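*Asks:* Residue numbering for the sequence shown follows numbering that gives the first Met the number 0, starting at 0 and increasing by one per position.
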Amino acid sequence: MKTATNNDLLKSLNLVYENAKGSKLNMEVLDKMDSELSRIAEFLKITKIQALFTTIIFGLNYDAVGQR
Numbered sequence: 000m001k002t003a004t005n006n007d008l009l010k011s012l013n014l015v016y017e018n019a020k021g022s023k024l025n026m027e028v029l030d031k032m033d034s035e036l037s038r039i040a041e042f043l044k045i046t047k048i049q050a051l052f053t054t055i056i057f058g059l060n061y062d063a064v065g066q067r
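1) If you follow the alpha helix (DSSP H) that ILE45 is part of, which residue opens it and which one closes it?
2) Once DSSP output is grouped into helix, strand and coil, what is the label at SER37?
3) To the nearest angstrom, how far is the alpha carbon of PHE42 from that of LYS10?
4) Counting C-beta neighbours from all protein chains within 10 Å, is the total for LEU51 16 or more, i.e. buried, or is it exposed?
5) Go through its chain and collect everything with a Cβ distance to GLU35's Cβ below 7 Å, but skip five positions before and after it.
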């Protein structure tokens, strides 16, 4: 797989976070984000499930900082 650029990575992080936000971690929704999770996981050298939770934590942190 091609190395992700910074812009691609940010788009993937945003897409995964926005889709996961209201999904209640429904596997059907998560399966649709497989390529984005793979891109994040490859870049960070972690598993896809770790990529999912990392993305959620990043998103929650961004939301919290943005509300100050």
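We put the CB at the ideal spot given by N, CA and C, even for glycine.
As the structure is a prediction and not an experimental result, all values here were calculated from the model.
*Replies:* Let's see:
1) Segment: none, ILE45 is in no alpha helix (DSSP H) and carries neither H nor E.
2) helix
3) 13 Å
4) buried
5) SER11, LEU14 and VAL15
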